[in-house]
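S.K.: With our numbering applied, the sequence shown corresponds to residues 285 to 356, in that order.
The beta-carbon is built from N, C-alpha and C at its ideal position, and this holds for glycine as well.
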Amino acid sequence: TLKSWFFVAVTGSLLYFQLRMYLGRMDEQRLRLLESEVRFRSIFDLVNEAILVQRASDGAILDVNQRALDLF
């Protein structure tokens, strides 16, 4: 039974550290995605051309910038 408890402890520890590493990478990816969204949004809002973001599958308009609103 000591061998079984040792196996459970080691396996649990390894799973814990793997999960922490995975969650750390997820946080890094979430931060990079947020930074990318901020860059996109600033370009999207500041450009002097009309921009419409459209879904390819059905043509639905998902987003427009202020210039597009003024134009249309």
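Tell me the residue span of the alpha helix (DSSP H) that contains I327.
M.R.: Here the alpha helix (DSSP H) through I327 covers L286 to L330.
S.K.: For N349, count neighbouring Cβ atoms within 10 angstroms of its own Cβ and tell me buried if that reaches 16, exposed if not.
M.R.: Burial call: buried.
S.K.: Alpha carbon to alpha carbon, how far is Q338 from L317?
M.R.: So the two alpha carbons sit approximately 20 Å from each other.
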